[in-house]
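In my numbering, the protein residues as written are 1 to 264.
No residue lacks a Cβ here, since even glycine has one placed at the ideal position from N, Cα and C.
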């Protein structure tokens, strides 16, 4: 496949690439690896799928993608997944991802706790912790963690996500635009401990089914479609969804078609 066609596939529906010039240089390589990560916090819903479908474009562009189930991150984020439940939550997310999309080959999964507790990894966590400030770590985590009354674990969160790029041995991190602060943190701090910066590719977030004034929230059922919603419930949510005639911007139904259905 020609380089221009690969670049077109990678850029399709993407919100931002940091940086595109680095990506063009990377496309000269024969083997390129990426990862997409998710923390198994709440119910698996359609909001997760917009970034997942991008993996199909990556595959067409000859990029191999690893899927990280970040079980430890789920606990670090205000204990959204209690420590005694993270293994079960990780398996649940893994099964959802396997079943929700028409994979041609079995997805390549990595569980965070399988490598994030290693001596080398934790040494690197401490290295970054000694050269960053609480203010900088808070800014990095601000769009992902709640941070109303920040815990130390929420400051560790962006450090670990940054190191995942190195320990998964990838060239690209794929995620939602809400991950931008953490991705920029990674590009800033990985070189400070001797690692190369990676390319960051960010996808738009799906608008809530109730309209652009609300976020798609796991705690508000009417804003999203869960993977285990019944057919009747899905039809009901789609019928009630915000979809004004002639309006394409911030329209969840248009977004679902553009980001999920059409790319497949």
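Quiz item: Which of helix, strand or coil does DSSP assign to residue 112?
Solution: In the structure shown, the three-state DSSP call for residue 112 is helix.
Exercise. Output yes or no for whether 8 Å exceeds the beta carbon distance between residue 121 and residue 115.
Key: At a Cβ-Cβ threshold of 8 Å, residue 121 and residue 115 count as neighbours.
Quiz prompt | Residues of its chain near residue 248, where Cβ-Cβ distance is below 8 Å and the 5 sequence neighbours each way are ignored | solution = Result list for residue 248: 254, in chain order.
Quiz item: In whole angstroms, what is the alpha-carbon distance linking residue 40 and residue 69?
Solution: Rounded to the nearest angstrom, the two C-alpha atoms are 7 Å apart.
Quiz item: Quick one, are the C-beta atoms of residue 76 and residue 128 less than 8 Å apart?
Solution: Going by C-beta atoms, residue 76 is not nearer than 8 Å to residue 128.
Practice problem: Report buried or exposed for residue 219, applying the criterion of at least 16 other Cβ atoms within 10 angstroms of its Cβ. | Solution: It counts as exposed.
Exercise. Pull up the CB-CB distance for residue 165 and residue 190, whole angstroms please, since I reckon it's below 8 Å.
Key: The C-beta distance from residue 165 to residue 190 rounds to 7 Å, short enough to meet the 8 Å contact threshold.
Quiz item: Which residues in the same chain have their Cβ closer than 8 Å to the Cβ of residue 234, if we skip the five residues on either side of it in sequence?
Solution: Result list for residue 234: 225, in chain order.
Quiz item: Are the CB atoms of residue 90 and residue 78 nearer to each other than 8 Å?
Solution: Taking 8 Å as the cut-off, the beta carbon of residue 90 is found no closer than this to the beta carbon of residue 78.
Quiz item: Between residue 21 and residue 239, what straight-line distance do the alpha-carbon atoms span, to the nearest angstrom?
Solution: Here the alpha carbon of residue 21 sits roughly 43 Å from the alpha carbon of residue 239.
Practice problem: Give a yes or no on contact between the stretch 193-213 and the stretch 9-29, applying the rule of three or more CB pairs nearer than 8 Å. | Solution: Touching, per the Cβ criterion.
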